[in-house]
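To keep things clear, I will list the structure first and then write my remarks on it.
Number of protein chains: 4
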Amino acid sequence: MAVRAAVAGASGYAGGEILRLLLAHPEVEIGALTGNSNAGERLGALQPHLPPLADRVLEPTTTDVLAGHDVVFLALPHGHSAAVAEALGDGVLVVDCGADFRLRDAAQWTRWYGTPHAGTWPYGLPELPGAREALRTTRRIAVPGCYPTAVSLALFPAYAAGLAEPEAVVVAASGTSGAGKAAKPHLLGSEVMGSMSPYGVGGAHRHTPEIAQNLAAVAGEKVTVSFTPTLAPMPRGILATCTARAREGVTAAGLRESYAKALAGEPFVHLLPEGQWPSTGAVAGSNNVLLQVALDEDAGRVVVVCAVDNLTKGTAGGALQSMNIALGLPEELGLPTTGVAP
Amino acid sequence: MAVRAAVAGASGYAGGEILRLLLAHPEVEIGALTGNSNAGERLGALQPHLPPLADRVLEPTTTDVLAGHDVVFLALPHGHSAAVAEALGDGVLVVDCGADFRLRDAAQWTRWYGTPHAGTWPYGLPELPGAREALRTTRRIAVPGCYPTAVSLALFPAYAAGLAEPEAVVVAASGTSGAGKAAKPHLLGSEVMGSMSPYGVGGAHRHTPEIAQNLAAVAGEKVTVSFTPTLAPMPRGILATCTARAREGVTAAGLRESYAKALAGEPFVHLLPEGQWPSTGAVAGSNNVLLQVALDEDAGRVVVVCAVDNLTKGTAGGALQSMNIALGLPEELGLPTTGVAP
Amino acid sequence: MAVRAAVAGASGYAGGEILRLLLAHPEVEIGALTGNSNAGERLGALQPHLPPLADRVLEPTTTDVLAGHDVVFLALPHGHSAAVAEALGDGVLVVDCGADFRLRDAAQWTRWYGTPHAGTWPYGLPELPGAREALRTTRRIAVPGCYPTAVSLALFPAYAAGLAEPEAVVVAASGTSGAGKAAKPHLLGSEVMGSMSPYGVGGAHRHTPEIAQNLAAVAGEKVTVSFTPTLAPMPRGILATCTARAREGVTAAGLRESYAKALAGEPFVHLLPEGQWPSTGAVAGSNNVLLQVALDEDAGRVVVVCAVDNLTKGTAGGALQSMNIALGLPEELGLPTTGVAP
Amino acid sequence: MAVRAAVAGASGYAGGEILRLLLAHPEVEIGALTGNSNAGERLGALQPHLPPLADRVLEPTTTDVLAGHDVVFLALPHGHSAAVAEALGDGVLVVDCGADFRLRDAAQWTRWYGTPHAGTWPYGLPELPGAREALRTTRRIAVPGCYPTAVSLALFPAYAAGLAEPEAVVVAASGTSGAGKAAKPHLLGSEVMGSMSPYGVGGAHRHTPEIAQNLAAVAGEKVTVSFTPTLAPMPRGILATCTARAREGVTAAGLRESYAKALAGEPFVHLLPEGQWPSTGAVAGSNNVLLQVALDEDAGRVVVVCAVDNLTKGTAGGALQSMNIALGLPEELGLPTTGVAP
């Protein structure tokens, strides 16, 4: 019998990607689709790339509309998930693509988001140590941020194996869909095509504490993170360049071996052969993660470069992967393992 | 039991897209992959977006390698298909993505390609009148060119219904993958980003006679085609703007009704609701065709705009759609009906 | 003594380009800069590419602020120019980049813009027959629309020489800056990158009557125009593909000769050598027009492809070129004759 | 009397940009233009954005052709400059855009380039301490690499003021023109549009020792540099994100003050107002450098982001700026101080 899924926030980029993936999932039947200002509109006008759902009409985001589903995906602005989840009850699998339940430390939450902490849910990045197990039995999933997905996967093997000093320096380039579908002047095509620019520099991006939390958990100690996100002239994709000073005695071979071991058996994460480097184009539309690691012996640093699609593995694909685990389905079921390139 | 398929020319863009789609096809098992100068290389180095096939090694394109499959896809330069097809024998389904067997008129072939005519195979555009039937029983399929796919679908309803004068004017913008993967200076990213340019102007593009042949077949008379292709700064997609003088008495409502009727029931072709226009972004990676039609009363012309993905519906998707028909499988089986957007 | 120029609407794309060009003009001193919602802001925050003016502050668009200049450029929404021009008086050279004074036929104006006709000013496309002379003595200039600039330059030689039937078919691709700086969802980078889409199809774009007016003036008869504009994934540039049925007896050589003659001596318009085609990348940031003409003998049509930068020759450069003429300065003074490529 | 300048390597991207700038320089007359495989071709076919030089024909790169000029720009592959410079004699100003004379340490040169060291010429980055003075009297200029231009300008104020630890971590995104005009598959538009990828990771890029040399000179001690260049989907521009651990006691205000002081009076380098971040789009086509600095107090790091146009300030503009100094002309003469945006 099919799993019935609703999507709250179906008019945005995250919502659209969830729908694209759900349409290809063999065990899911798509139920209610909701929007806020777009309630009452045809989905075909909002997400013209999804013809099979073109005649669906968005309903308002209310618990009445969302009730009666097995799974509810929330692609809402921050701060809205707790109330919805509570109203839906414990039997429903709630998959929250927002930030509300990602951080464990209430003080950190309040520092970065300025509101009281709603709580912490199992974290939907199954590749992290212990995460897969926690997802098997939960009915609440906090989907990671797109940058934390890329950066945590890039650096956790180094920290788990004790190969890197606890001061990470990360510069990541993201496609513009990461900034959402709300019309803002600096996101106009005229502004972003042919141009790269940073934002949230100097530790101001809200994904910083989430990255630090993930790395500290595997390192067993506090890890500082200097994180600079940049906006790149492409619709999708994150390329994260992640470095940390190598600990004494680390060798290129040992580093590579640790990565191979930490990522062995992961269905979506691919450590590339030596000499080959990831590109975001190769993961577009897929749930794949491509990464490569190097030891810069002159600078004494571990350098890891990781490519993900911010909307797929970075949001909707990660959400479905975790859903599969929580529902006892095969983890890869229905998820794209090939990119759309060129 | 699975259909076993080989792909000749697996290192190029058409070959890569065929593989992407075959990987998602539930009834196909991927057999031999061949290349020419790339024989001996790992597919992972050539098509990094296809991790499930990364460790496959390209074999040389010989009939020995291609023998023993149920289906053989040919993504070869012009002039190579006839010999391969003959050697494979009549029992194998040969799907040719090249031009060799598209034209019916030997004189036209020789005028445009400069070599003797190899013959004519059933044409892999099932939406054209009579085409689907011819595909059901064939073991040879000539996959249409990417531009002829878009333009023929855009204009055949008007000509089939006798609504347009037999002088079509077409301007189409194509993504750069249509020009292939061979490294040429004018196709460098530095040259194409931020720039549009025409090529093959004044009737010089080899897709012109193919378009004219398709339109004449439905019109029942000769149709001249003024065709200007342009190169657009995007990797994929064709946007074809197709116009012809409206015949006396044509009305906007009648025009729309003819299109709705001609395209009714087509699984991949979508006449958009009035007021909505197609974009190539909405069909990226899908087998969909989005189109819209208008009557310009001041200019007295029918205007149809059509968006396809040149690599999917325009090449590999069209090829698999026709393969499904020839194998007696459901026509839509395994084909993507959603675009990867944004 | 320097000419003192004010720019009304300095925060938009047209205004920014006017300022970029004025900064390089040896005879102009930049006076007041005005905005509407942006009044009070530093120009550096709005136009970060213009560091020499970064500390200028936008003033409100009032006649008090604009008074006391030799030249006033208006880059305002439609309908605002008449009142400003009247208040400034006859001695000031007013260069209007809006549509208000472009059309000669009051009925056409009202049909397309829905308001009473404000009048007609000399038309700032000096290359058209008679236009340069009219500009020499005027204190009012109507700068052409960006599409009419490209299309009129592409087709006037054919119509002036009686080589083409009076039914033009035009498909033009424009960079997104043509749609302005107001934040609208369909203009987001995420939407436009990797995608082409049409708009104003079927004769609905307001530049259609302006094109028709220009062509009729040289043809000496009514010319219908089927015009389809498309949005291309690039910030700047227009590539216009313009065709019309060739009149009896037209030859390729005769066509080319007519173009060479009609464009001889034009400082900014370049008929390319045979076999070379224009690209928008080659004219980016310049006042140049690149064009090529062909006779499609099979289809019986003249095909002209023309590339301009919509913001430079298509708006601000055209405006300064006309200003130079009206002020008795050398026509090319201060205008960029080289593109910024790649 | 005009300075007569020749350009060796006029068919490439660096050569084209030198010509674009020379055309706008009031004191320079353009003499011989040379190419290698392109000798004998019209410049109009190779650099269609430069109509004023369209009819010039490339000559072979020989000392005979280059003799008799006041200035010779070399845009040649590595290893060719020494012989040309020697043949031209000491009276000619030779401006080398290649790497041959940038490094001071012969052992470093041989390690990175594998050939004997040709020598060291005054370094064409006038903003570095002492550099301007050395340029005033020289007849030999080594133009910096594009990445070293951006990174050195970003970090030298911090090292000059002793504010940062001598371990820099740099991640830079470059437009594709930085990779040159030779047709290579990974530089095709189809490959780079919509995609970001790293290269030369782990300290493998030849610009690393040049950056380290510049920073060490101002720091007065060895500075290690972890440098990761990435290829971005845009034709031009470098966005360099540069970080280093802050020394004890550094404050945000002190950091900013040091930058303001170090860059005061520089005609092309702009420290942006607080809260505003650079973009490559804003410097496109200009000789400007936009930068911003922040102190990340959580991570304890100085973060500087710097945008330049790799072809203008990063190559040709830097070359002309240094030429102006060496010729005793005003440093800014003829150089673009405004970007072409959007």
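So the sequences go chain by chain: A, B, C and D.
So for the first sequence, the UniProt record's numbering puts the first residue at 1; every next one is plus one.
So for the second sequence, the UniProt record's numbering puts the first residue at 1; every next one is plus one.
So for the third sequence, the UniProt record's numbering puts the first residue at 1; every next one is plus one.
So for the fourth sequence, the UniProt record's numbering puts the first residue at 1; every next one is plus one.
For each residue, glycine too, the CB sits at the ideal point set by N, CA and C.
Since this is a predicted model, take the numbers as computed values, not measurements.
Measure the beta-carbon distance from B:Val92 to B:Leu74 and round it to whole angstroms, keeping in mind my assumption that it falls under 8 Å.
With 8 Å as the limit, B:Val92 and B:Leu74 do not qualify as a contact, their Cβ atoms being about 11 Å apart.
9 Å Cβ cut-off: residues of chain C touching D:Arg20
Thr338, Gly339, Val340, Ala341
For A:Thr63, I'd like the list of residues in its chain whose CB is within less than 6 Å of its CB, leaving aside the five on either flank, ordered along the chain.
Ala87
Sequence-distant residues of the same chain with beta carbon closer than 7 Å to D:Pro209, five excluded per side:
Leu103, Gln108, Trp112
Boundaries (first-last residue) of the alpha helix (DSSP H) holding B:Leu46
43 to 46
So which residues on chain C does B:Trp277 lean against when the C-beta distance must stay under 8 Å?
Ser197, Pro198, Tyr199, Val201
Nearest residue (CA-CA) to residue 348 of chain C, options B:Leu271, B:Pro198, B:Val171:
Since the displayed chain C opens at 1 and closes at 342, residue 348 of chain C lies outside it and no answer follows.
Strictly under 8 Å for the Cβ-Cβ distance: is A:Leu188 near chain C by that measure?
yes
Checking 8 Å against the spacing of the C-beta atoms, do D:Gly318 and D:Val143 come in under that value?
yes
Go ahead and label C:Ser226 buried or exposed: buried means 16 or more other beta carbons lie within 10 angstroms of its beta carbon, across all protein chains shown.
buried
So B:Ser11 and B:Leu46 are supposed to be a Cβ contact under 8 Å. How far apart are they, rounded?
At roughly 5 Å, the Cβ-Cβ gap stays under 8 Å, so B:Ser11 and B:Leu46 are in contact.
To the nearest whole angstrom, what separates the beta carbons of D:Leu286 and D:Asp309, a pair I think is in contact under 8 Å?
First, the amino acid is wrong: residue 286 of chain D is Ser here, not Leu. The Cβ separation is near 6 Å, so the contact holds.
Under 8 Å between beta-carbons, which chain A residues line up against B:Pro129? List them in chain order, please.
By Cβ distance, chain A contributes nothing, its closest Cβ being about 23 Å from B:Pro129, past 8 Å.
Between the region 314 to 328 of chain C and the region 249 to 262 of chain B, do at least 3 Cβ pairs fall closer than 8 Å?
The region 314 to 328 of chain C vs the region 249 to 262 of chain B: no contact.
Going straight from the alpha carbon of D:Val165 to that of C:Pro235, what length do you get?
Position check: residue 165 of chain D holds Glu in this sequence, whereas Val was assumed. If you take the alpha carbons of D:Glu165 and C:Pro235, they lie about 41 Å apart.
What is the DSSP secondary structure of D:Tyr123, counted as helix, strand or coil?
strand
Among C:Lys261, C:Val289, C:Thr243, nearest to C:Arg301 - alpha-carbon criterion
C:Thr243
Any idea what DSSP makes of B:Gln292, helix, strand or coil?
The answer is strand: DSSP assigns B:Gln292 an E or B state.
Considering Cα atoms alone, identify which of A:Ala24, A:Ala6, A:His80 is closest to A:Thr337.
A:Ala24
Should B:Asp105 go down as buried or exposed, given a rule of 16 or more other Cβ atoms within 10 Å for buried?
exposed
At 3 residues or longer, what runs of the beta strand (DSSP E) sit wholly inside the region 101 to 176 of chain D?
140 to 142, 164 to 174
Closest Cβ-Cβ distance between D:Pro77 and chain B: below 8 Å?
Not a single C-beta of chain B is nearer than 8 Å to the C-beta of D:Pro77.
What are the start and end residues of each continuous alpha helix (DSSP H) run of 4 or more residues lying completely inside the region 272 to 333 of chain B, in chain order?
List check, alpha helix (DSSP H) in window: 317 to 326.
Alpha carbon to alpha carbon, what distance is there between D:Val3 and D:Leu333?
13 Å
Determine the extent of the beta strand (DSSP E) in which C:Gly249 is found, giving its start and end residues.
It is not in any beta strand (DSSP E) - C:Gly249 carries neither H nor E in the DSSP assignment.
Would you mind telling me which residues of chain B sit closer than 7 Å to D:Ala183, beta carbon to beta carbon, in chain order?
Think of a sphere of 7 Å around the beta carbon of D:Ala183: the chain B residues whose beta carbon falls inside it are Ala183, Lys184, Pro185, Leu188, in chain order.
For a test of the three-state rule: what should DSSP assign to D:His186, helix, strand or coil?
helix
Look at the alpha carbon of B:Gln321 and the alpha carbon of B:Thr312, and state the distance between them as a whole number of angstroms.
Roughly 10 Å separates the two Cα atoms.
Measure the alpha-carbon distance for A:Leu128 versus A:Leu153 and round it to whole angstroms.
7 Å
Over what stretch of residues does the alpha helix (DSSP H) that includes B:Asp96 continue unbroken?
No alpha helix (DSSP H) contains B:Asp96, which is instead part of the beta strand (DSSP E) from 93 to 96.
C:Gly194: contacting residues in chain A (beta-carbon distance under 7 Å)
Pro235
For B:Pro26, which residues in the same chain have their Cβ closer than 8 Å to its Cβ, ignoring the five residues on either side in sequence?
Leaving aside the five residues that flank B:Pro26 on each side, the residues in its chain whose CB is nearer than 8 Å to its CB run, in chain order, Leu333, Gly334.
Whose C-alpha, out of D:Leu33, D:Gly79, D:Glu41, is nearest the C-alpha of D:Ala67?
D:Leu33
Residues bridged to A:Val28 by DSSP?
A:Val3
Excluding five sequence neighbours on each side, which residues of the same chain lie with their C-beta closer than 7 Å to the C-beta of B:Ala246?
Leu163, Ala164, Leu295, Gly300, Arg301, Val302
How long is the line joining the alpha carbons of C:Asn36 and C:Arg42, rounded to whole angstroms?
Cα to Cα, the separation comes out at about 13 Å.
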